[in-house]
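Read in our numbering, the sequence shown has 335 at position 352, and its numbers run on one by one without any break. Don't be surprised by glycine CBs; every beta carbon is placed ideally from N, CA and C. Presented below is the structure to which this report refers.
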Amino acid sequence: MQGADTNRRISRISAHICPHNSQTEEVSGLGMTNCRARGASPGFRVAILGAAGGIGQPLAMLMKMNPLVSLLHLYDVVNTPGVTSDISHMNTGAVVRGFLGKQQLEEALTGMDLVIIPAGVPRKPGMTRDDLFNINAGIVKTLCEGIAKSCPKAIVNLISNPVNSTVPIAAEVFKKAGTYDPKRLLGVTKLDVVRANTFVAEVLGLDPREVDIPVVGGHAGVTILPLLSQVKPPCSLSPEETSYLTSRIQNGGTEVVEAKAGAGSATLSMAYAAVKFADACLRGLRGDAGVVECAFVASQVTELPFFASKVRLGRNGIEEIYSLGPMNEYERAGLEKAKEELAASIQKGIMFTRK
Ligand code: NAD
Ligand code: LMR
-16 MQGADTNRRI SRISAHICPH NSQTEEVSGL GMTNCRARGA SPGFRVAILG AAGGIGQPLA
44 MLMKMNPLVS LLHLYDVVNT PGVTSDISHM NTGAVVRGFL GKQQLEEALT GMDLVIIPAG
104 VPRKPGMTRD DLFNINAGIV KTLCEGIAKS CPKAIVNLIS NPVNSTVPIA AEVFKKAGTY
164 DPKRLLGVTK LDVVRANTFV AEVLGLDPRE VDIPVVGGHA GVTILPLLSQ VKPPCSLSPE
224 ETSYLTSRIQ NGGTEVVEAK AGAGSATLSM AYAAVKFADA CLRGLRGDAG VVECAFVASQ
284 VTELPFFASK VRLGRNGIEE IYSLGPMNEY ERAGLEKAKE ELAASIQKGI MFTRK
């Protein structure tokens, strides 16, 4: 009797590591059917697709530290056993399980409340985000087909670039599967807000945690439109400061790509931004009031079918999409430029799934 209890305890531990952890099974003589993986605290079930990558690993670590998460599924086509084993040793509440390769995608996604997707290739110097389209479009399509099948009600946070096209691709995949709910699909543009708050705080000599700037439009070059006239706390910026800051925020990603000199794009600041955004989605799901973030979503704020602006998050995902608010002449001119490029990127995404 005592032996059976011990075996059950060992099998519970092995379930943290990987549902197919043959090594532990050999040592303990236990099959996976005996294993029970349970969150130590009540909370949400979150999957990260692309969890072994530059963003995926720090994102997984930060999500393991989030008290709102009870079960964390880490999926990738490489290296998830190692990442999962490593992270599972953190003494936080979330149980972690690893999934490797397409044959385990369904298992990774079943029952998830939130799916975060940083899967795909990053830029090298000299490339635009659109240069990633040919590889990342197919990856996002496959992963979204898996979501439609295994967790059609999950909130999806899409990070893979080019976001201006991958979000329309995801929407088309979900429409085709009959599971599309525009309230549950969000392109992650939080890094643009994080950068805007940091760079503006530097210029104004403020604490970056006290600064809040809406960044609207999309997530590439001129489509990234910081509304500096709406900065909180209210401050007035000179035309030179506005022009410098707008350009730095629009080129923040390229600044990192060039500094990394071929070793990828933003990963650590992105993981930080993604975890803030995912936490906001989970607080919304929990029913917290007043959770507002910028995101690239299906929208009627402009004539385009998708646009990034402030949204209120709640139990069903997006509860409300806010209009852009008062803009100055500089921002209105920026908006026209942003819309032109965005329209083409959105169309490219839509056409990809109709081929
Ligand atoms: P990375 O190459 O370090 O990691 C990507 C991971 O995706 C790898 O582990 C890889 O194995 C995995 N992957 C590839 N194909 C997959 C598939 N079919 N299923 C599951 N996983 C798969 O790249 P990274 O630096 O983590 O960047 C990932 C993506 O995020 C890039 O497209 C990048 O441009 C984008 N990104 C977006 C933002 C944003 O603000 N939205 C910011 C930074 C990076
Ligand atoms: C970023 O803004 O850092 C990301 O979109 C990655 C990139 O390619 O710039």
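Exercise. From which residue to which residue does the alpha helix (DSSP H) around C127 run?
Worked result: As a position in the sequence shown, residue 127 is number 144, starting the count at 1. Note, C127: alpha helix (DSSP H), F116 to S133.
Exercise. What number of angstroms, rounded off, separates the C-alpha of V52 from the C-alpha of G76?
Worked result: Counted from its first residue, the sequence shown places residue 52 at position 69. Counted from its first residue, the sequence shown places residue 76 at position 93. Going from the Cα of V52 to the Cα of G76 covers about 8 Å.
Problem set entry | Exposed unless 16 or more other CB atoms sit within 10 angstroms - verdict on L251 | As a first step, residue 251 must be located in the sequence shown, where it is residue number 268. So L251 counts as exposed.
Problem set entry | P105 versus M73: straight-line alpha-carbon distance, rounded | As a first step, residue 105 must be located in the sequence shown, where it is residue number 122. As a first step, residue 73 must be located in the sequence shown, where it is residue number 90. P105 and M73: Cα-Cα distance of roughly 28 Å.
Exercise. V205: beta carbon under 7 Å from a heavy atom of ligand 2?
Worked result: As a working note, residue 205 is residue 222 in the sequence shown. Closer than 7 Å to some heavy atom of ligand 2: that does not describe the Cβ of V205.
Exercise. Under 7 Å from any heavy atom of ligand 3, does the C-beta of G37 make it?
Worked result: With respect to ligand 3, the structure offers nothing, as its ligand set consists of ligand 1 and ligand 2.
Exercise. Roughly how many whole angstroms lie between the Cα atoms of N17 and A327?
Worked result: Looking up residue 17 in the sequence shown gives position 34. Looking up residue 327 in the sequence shown gives position 344. Because N17 sits at a pLDDT of 37, beneath the cut-off of 50, its placement in the model cannot be relied upon, and the following sentence gives the value as read from the coordinates. Their backbone Cα atoms lie some 52 Å apart in a straight line.
Problem set entry | Sub-8 Å separation of K173 and K259 beta-carbons | Within the sequence shown, the letter at position 190 stands for residue 173. Within the sequence shown, the letter at position 276 stands for residue 259. Taking 8 Å as the Cβ cut-off, K173 and K259 qualify as a contacting pair.
Exercise. Mind checking whether I196 and L220 have CB atoms under 8 Å apart?
Worked result: Start at 1 with the first residue of the sequence shown, and residue 196 comes out as number 213. Start at 1 with the first residue of the sequence shown, and residue 220 comes out as number 237. Cβ atoms of I196 and L220: not closer than 8 Å.
Problem set entry | Start-to-end residues for the alpha helix (DSSP H) that takes in D175 | Taking the sequence shown and counting its residues from 1, the one referred to as residue 175 is at position 192. Where D175 is concerned, the enclosing alpha helix (DSSP H) stretches over K173 to L187.
Exercise. N117: buried (16+ other C-beta within 10 angstroms of its C-beta) or exposed?
Worked result: Residue 117 sits at position 134 when you count from the first residue of the sequence shown. Classification of N117: exposed, given that the 10 Å Cβ count is below 16.
For this session: Closer than 7 Å by C-beta to N180: which residues in its own chain qualify, once you throw out the five before and the five after it? Chain order, please.
Result: The residue you call residue 180 lines up with position 197 of the sequence shown. So the qualifying residues of the chain are P191, V194, D195 and I196.
Problem set entry | Whole-angstrom distance between F279 and L169, CA atom to CA atom | Indexing the sequence shown from 1 puts residue 169 at position 186. Indexing the sequence shown from 1 puts residue 279 at position 296. For L169 and F279, the distance between alpha carbons rounds to 6 Å.
Exercise. Can you name, in chain order, every residue of its own chain whose Cβ lies under 8 Å from the Cβ of P108, other than the five neighbours on each side?
Worked result: Here the question's residue 108 lines up with position 125 in the sequence shown. So the qualifying residues of the chain are V240, E241, A244 and G245.
Exercise. Is it the case that the CB of R106 approaches a heavy atom of ligand 2 more closely than 7 Å?
Worked result: Here residue 106 refers to the residue found at position 123 when the sequence shown is read from its first residue. Yes, Cβ of R106 sits closer than 7 Å to a heavy atom of ligand 2.
For this session: Compute every distance between the C-beta of A249 and the non-hydrogen atoms of ligand 2, then say whether any falls below 7 Å.
Result: In the sequence shown, the residue the question calls residue 249 occupies position 266. For A249, the shortest separation between its Cβ and any heavy atom of ligand 2 lies below 7 Å.
Exercise. Cβ of L45 within 8 Å of Cβ of A256?
Worked result: Here the question's residue 45 lines up with position 62 in the sequence shown. Here the question's residue 256 lines up with position 273 in the sequence shown. No. Outside cutoff.
Exercise. Ordered along the chain, which non-local residues of its own chain (more than five positions away) have a Cβ less than 6 Å from that of F335?
Worked result: On the sequence shown, residue 335 is found 352 positions in, with the first residue counted as 1. Answer for F335: A120 and I152, listed in chain order.
Exercise. Since A343 contacts M95 with CB under 8 Å, what's their CB separation in whole angstroms?
Worked result: The shown model of the chain, from -16 to 338, leaves out residue 343, and the question about it has no answer.
For this session: State yes or no: is the C-beta of V139 nearer than 7 Å to some heavy atom of ligand 1?
Result: Residue numbering aside, residue 139 sits at position 156 when the sequence shown is read from its first letter. If you check the C-beta of V139 against ligand 1, you find no heavy atom less than 7 Å away.
Problem set entry | I142 and V171 closer than 8 Å at C-beta | For the purposes of this step, residue 142 is taken as residue 159 along the sequence shown, with counting starting at 1. For the purposes of this step, residue 171 is taken as residue 188 along the sequence shown, with counting starting at 1. Cβ distance < 8 Å, so I142 and V171 count as in contact.
Problem set entry | Collapsed DSSP secondary structure at A281 in the structure displayed | Counted from its first residue, the sequence shown places residue 281 at position 298. Of the three classes helix, strand and coil, the one that applies to A281 here is strand, per DSSP.
Problem set entry | N-terminal and C-terminal residue of the beta strand (DSSP E) that R339 is part of | No statement about residue 339 is possible, as the shown extent of the chain runs from -16 to 338 and does not include it.
Exercise. What is the DSSP secondary structure of A30, counted as helix, strand or coil?
Worked result: In the sequence shown, counting from the first residue as 1, residue 30 sits at position 47. Here A30 sits in strand by DSSP.
Exercise. Taking the C-alpha atoms as reference points, what is the distance between E286 and A263?
Worked result: In the sequence shown, counting from the first residue as 1, residue 286 sits at position 303. In the sequence shown, counting from the first residue as 1, residue 263 sits at position 280. Each residue's Cα considered, the two are about 27 Å apart.
Exercise. How big is the Cα-Cα spacing for I31 and A102?
Worked result: Translated into the one-based positions of the sequence shown, residue 31 becomes position 48. Translated into the one-based positions of the sequence shown, residue 102 becomes position 119. Roughly 9 Å between the two C-alpha positions.
For this session: For the alpha helix (DSSP H) containing N147, list its first residue and its last residue.
Result: If you number the sequence shown from 1, residue 147 lands on position 164. Annotation: the continuous alpha helix (DSSP H) that includes N147 extends over V146 to A160.
Problem set entry | Proximal residues to T206 (C-beta, below 7 Å), its chain only, five neighbours per side dropped | Translated into the one-based positions of the sequence shown, residue 206 becomes position 223. Around T206: N147, G200, A321, E324 and L325.
For this session: Name the residue from D59, L83, T149 and F157 whose alpha carbon lies nearest to the alpha carbon of F289.
Result: Looking up residue 289 in the sequence shown gives position 306. Checked all of D59, L83, T149 and F157; the closest Cα to F289 is T149.
Exercise. Can you tell which of N62, P64 and E90 has the C-alpha that lies nearest to the C-alpha of R28?
Worked result: If you number the sequence shown from 1, residue 28 lands on position 45. Comparing Cα-Cα distances from R28 to each of N62, P64 and E90, the minimum goes to E90.
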